[in-house]
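Undergrad: Heads up: the protein sequence lines correspond to chains V and C, in order.
The first sequence lines up with residues 41 to 327 when you count with the working numbering.
The second sequence lines up with residues 10 to 289 when you count with the working numbering.
Quick one: this structure, given as structure tokens, is what I'll be asking you about.
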Amino acid sequence: MLLLDLGLQGLVQGAIYALIALGLTLVYGLLRILHVAHAALFTLGGYVGVIVTNGTGSLPLAILLAMVSVGVIGIGVYRFCYRPLLNRSPLVALIASIGLFIAAEEIYRLVFGPYGLSFVTPPLQTQVEVFPGVFLSHARLLVVGLSVVIIGILAWLSGSTRTGVAWRATVSDPDIAASFGINIEKVRYLNFFIGSALAALAGVMVALLNNLVEPTMGAVPAYKALAIIVLGGLGSVRGTLVASLALGVIESFGTIYIGHLLDRDAIAFAFLVLVLMVRPRGLLSRG
Amino acid sequence: MAYEITVLTTMAISILFALSLNVITGFCGQVSLGHAAFYGIGAYTAALLTKSGIPLALALLPAAAAAGAVGFVVGMASLRVRDDFLAITTMGVAFLFVGFVRKQEMLGGEIGISGIPSVAFGRPGLLALSLLCTALFVLLTVHIRRSWMGFAFDSVADDEDTARILGIDVPRFKLWAFVIGTAGAGVAGGLYAHHIRFIGPDSFGFLESITALVMVIVGGIGSIWGVALVAAILSVLPLFLQFVDDYKLLLYGVLVFATVRYAPGGVAGLARTLAMRIRR
Chain V
41 MLLLDLGLQG LVQGAIYALI ALGLTLVYGL LRILHVAHAA LFTLGGYVGV
91 IVTNGTGSLP LAILLAMVSV GVIGIGVYRF CYRPLLNRSP LVALIASIGL
141 FIAAEEIYRL VFGPYGLSFV TPPLQTQVEV FPGVFLSHAR LLVVGLSVVI
191 IGILAWLSGS TRTGVAWRAT VSDPDIAASF GINIEKVRYL NFFIGSALAA
241 LAGVMVALLN NLVEPTMGAV PAYKALAIIV LGGLGSVRGT LVASLALGVI
291 ESFGTIYIGH LLDRDAIAFA FLVLVLMVRP RGLLSRG
Chain C
10 MAYEITVLTT MAISILFALS LNVITGFCGQ VSLGHAAFYG IGAYTAALLT
60 KSGIPLALAL LPAAAAAGAV GFVVGMASLR VRDDFLAITT MGVAFLFVGF
110 VRKQEMLGGE IGISGIPSVA FGRPGLLALS LLCTALFVLL TVHIRRSWMG
160 FAFDSVADDE DTARILGIDV PRFKLWAFVI GTAGAGVAGG LYAHHIRFIG
210 PDSFGFLESI TALVMVIVGG IGSIWGVALV AAILSVLPLF LQFVDDYKLL
260 LYGVLVFATV RYAPGGVAGL ARTLAMRIRR
């Protein structure tokens, strides 16, 4: 039972990683930028979620508002921070992104206070017996369900709509895509909107699971999500999903079995370093 | 007088730490997001040695060697992974270091190591030692800049593939950059441990790595005096201005962002532009 329990906890954690890392992969695939500040949007999503839920009492409304508002802010981040740096070395954008992320954390501390916020009445805390003897809260089930649905929608969007075709064309070659009449700027805006909205959703979900949002809640996911997209091979959506779930499960088992040697975050990065030494271009790379 | 000595020691250690990253990131163009790990390795090594009775001046050598040895291993990784992959790998190393230290009873675990002995001749002695180490490192980097090695570093930073075609032994120079840079950070860490006289896993977190990177970028990537100047200012600014201490990270974030956005050459670049305007 312990094994099953650990596996399930790992999958829930992996689903959250997937939501955060998908947005990062989308940005990387399109612009070759490691978007550290993505985690700042994740934190912001958590805050909007908690504040709106406490104000209106409706979690669905809070999720919707968080996703839309953070999505718009994500477009702003692209427009004002990344676009001016696009024709410079990608490391410049990475460093700018770290700067932006650190600054954003401090701004949250100033605006929302240093101690964090909680739900007045935490929603969805009922426990359900999913297997005999294994319990999961409604919130955890919601995390997994929403992730599956959203990833399904994204797969459909990119596979069988005109927008999806335009997006994929822009990823593989922006110049040729532009010459076929695709508005590249629009694709990028959409990309940042969707990616940031997913981060916001993950933020609300983490807020639900921990019943806490705090200014620094993005710090560890920021770096772990980077590890995940690197593991996934940078820019590969499929690789990112595999890496997210793998990392969630490995962490959940690792903390039990080698927790006396390394802490949770170190396990994730040990896995990263090991994989990269064997496969320098990620888990699913060929050759 | 005691206060001035503390301030100067802080400055000297920061300059050494920032310049050591400057060798890797500035000279050789290899971005490292985990430099604090080597600072930490030096600090732990030196602290354990002096606690067992060895004088700091001698303990700094093993501290440099330990940091340099791990730096060599990470340097090997830099031969295998590149650019963005390397940046994330070095970041991973930093998290690995902190997570490892946290769980080791021998290294004090979460609580860290306290009661690190004071140096011979007390605070002035530590200041003298720090100034000496920093001065030596400055001389070393000035010398590297002028030597063949500096030229090779430049070419690797500029375009690795072209450097390879020109017959430059890229792996060898990358490894050298990592070993020199990380050993320097190890010495800085050893000095830091005896300056604060308490170290724990949180003293060497990701933010310390970023702090060093901020100093290198704002100072002007690769410029020795620019990086040293900015490291000196940024390290002691929180002591003079309370609000800087409270919003240190906000300041760093804004500084870095403004630098890469508006003045990519950093302070050194700005000074160069200014000097050219005046000459005209």
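Each residue gets a CB set at the ideal place from its N, CA and C atoms; glycine is no exception.
Just to make sure I have the definition right: I need the residues of chain V whose C-beta is within less than 9 Å of the C-beta of Ile-177 of chain C. Which are they?
TA: Those within 9 Å of Ile-177 of chain C in chain V number zero; the least Cβ separation is about 20 Å.
Undergrad: Which two residues bound the contiguous alpha helix (DSSP H) that contains Leu-281 of chain V?
TA: Where Leu-281 of chain V is concerned, the enclosing alpha helix (DSSP H) stretches over 277–297.
Undergrad: Could you say which of C:Lys-112, C:Thr-59 and C:Gly-84 lies nearest to Ile-125 of chain C if we only look at CA atoms?
TA: The residue with the shortest Cα to Cα distance from Ile-125 of chain C is C:Thr-59.
Undergrad: Arg-206 of chain C touches chain V at which residues, Cβ-Cβ below 8 Å?
TA: Going along chain V, no residue has its Cβ under 8 Å from Arg-206 of chain C, so there is no contact; the nearest lies around 25 Å.
Undergrad: Determine the direct distance from the alpha carbon of Ile-22 of chain C to that of Phe-249 of chain C, and round the result to whole angstroms.
TA: Taking the straight line from one Cα to the other gives about 18 Å.
Undergrad: Can you give the Cα-Cα distance for Gly-327 of chain V and Phe-106 of chain C, rounded to whole angstroms?
TA: The predicted position of Gly-327 of chain V is uncertain, since its pLDDT is 43 and thus under 50; a value taken from the coordinates is nonetheless stated next. Approximately 30 Å, taken between the alpha carbons.
Undergrad: Checking 8 Å against the spacing of the C-beta atoms, do Pro-163 of chain V and Thr-93 of chain V come in under that value?
TA: It is a contact, given that the beta carbons lie within the stated cut-off.
Undergrad: Are the C-beta atoms of Gly-327 of chain V and some chain C residue less than 8 Å apart?
TA: Because Gly-327 of chain V carries a pLDDT of 43, less than 50, the predicted location of this residue cannot be relied on, and the following value inherits that uncertainty. No - not a single Cβ of chain C is within 8 Å of the one on Gly-327 of chain V.
Undergrad: Name, please, each residue of chain C whose Cβ falls closer than 8 Å to the Cβ of Pro-255 of chain V.
TA: Result: empty, since nearest Cβ-Cβ is about 10 Å, beyond 8 Å.
Undergrad: Any Cβ of chain V within less than 8 Å of the Cβ of Lys-183 of chain C?
TA: With 8 Å as the cut-off, Lys-183 of chain C does not count as an interface residue toward chain V.
Undergrad: Give me the chain C residues within the contact set of Val-277 of chain V, using Cβ-Cβ distance strictly less than 9 Å, ordered along the chain.
TA: The contacting residues do not exist; Val-277 of chain V stays about 17 Å from chain C at best.
Undergrad: Name the chain V residues whose beta carbon is nearer than 9 Å to that of Phe-215 of chain C?
TA: By Cβ distance, chain V contributes Ala-259 and Tyr-263.
Undergrad: Check whether the Cβ of Val-132 of chain V lies closer than 8 Å to any Cβ atom in chain C.
TA: So yes, Val-132 of chain V belongs to the interface.
Undergrad: Kindly indicate which three-state DSSP category Gln-113 of chain C falls into: helix, strand or coil?
TA: Gln-113 of chain C falls in the coil class under three-state DSSP.
Undergrad: Give me the Cα-Cα distance between Ala-56 of chain C and Gly-62 of chain C, rounded to the nearest whole angstrom.
TA: One C-alpha to the other measures close to 10 Å.
Undergrad: If we call anything under 8 Å between Cβ atoms a contact, is Glu-145 of chain V one with Tyr-256 of chain C?
TA: In this structure, Tyr-256 of chain C does not lie closer than 8 Å to Glu-145 of chain V by Cβ.
Undergrad: Of all Cβ atoms in chain V, is any one closer than 8 Å to the Cβ of Asp-93 of chain C?
TA: True, the Cβ-Cβ gap to chain V drops below 8 Å.
Undergrad: Is Val-35 of chain C close to chain V? Criterion is C-beta to C-beta, closer than 8 Å.
TA: Correcting the residue identity first, residue 35 of chain C is Gly in this sequence and not Val. Answer no: the Cβ-Cβ gap between Gly-35 of chain C and chain V never drops below 8 Å.
Undergrad: How far does the beta strand (DSSP E) with Ser-177 of chain V in it extend, from its first residue to its last?
TA: First-last of the beta strand (DSSP E) with Ser-177 of chain V: 174–177.
Undergrad: Using a Cβ-based criterion (distance less than 7 Å to any ligand heavy atom), does Ser-129 of chain V qualify as near the ligand SAM?
TA: The model depicted lacks the ligand SAM and carries no ligand whatsoever.
Undergrad: In the structure shown, what three-state DSSP assignment does Glu-169 of chain C receive?
TA: Helix at Glu-169 of chain C.
Undergrad: If you measure from the beta carbon of Val-63 of chain V to each beta carbon in chain C, is any gap under 8 Å?
TA: Note on residue identity: the sequence assigns Gly, not Val, to residue 63 of chain V. By this cut-off, Gly-63 of chain V is not an interface position.
Undergrad: Would you identify the three-state DSSP class for Val-253 of chain V, choosing helix, strand or coil?
TA: Looking at Val-253 of chain V - three-state DSSP - the assignment turns out to be strand.
Undergrad: Using CA coordinates, which residue listed in C:Ala-75, C:Ile-24 and C:Phe-94 is at the minimum distance from Val-318 of chain V?
TA: With distances taken between Cα atoms, Val-318 of chain V lies closest to C:Phe-94.
Undergrad: Using the beta-carbon count (16 or more within 10 Å), is Glu-116 of chain V buried or exposed?
TA: Per the sequence shown, residue 116 of chain V should be read as Gly rather than Glu. Under this definition Gly-116 of chain V is an exposed residue.
Undergrad: Determine the chain C residues that contact Phe-220 of chain V at a beta-carbon separation under 8 Å, and present them in chain order.
TA: The premise fails here: Phe-220 of chain V is roughly 28 Å from chain C at the closest Cβ pair, so nothing lies under 8 Å.
Undergrad: Please list the partners that His-300 of chain V has in chain C, where partner means a Cβ-to-Cβ separation under 8 Å.
TA: Per Cβ cutoff of 8 Å: Lys-112.
Undergrad: Quick check: the stretch 49–66 of chain V against the stretch 216–225 of chain V, are at least 3 beta-carbon pairs closer than 8 Å?
TA: Judged by Cβ distances under 8 Å, the stretch 216–225 of chain V makes no contact with the stretch 49–66 of chain V, as fewer than three pairs qualify.
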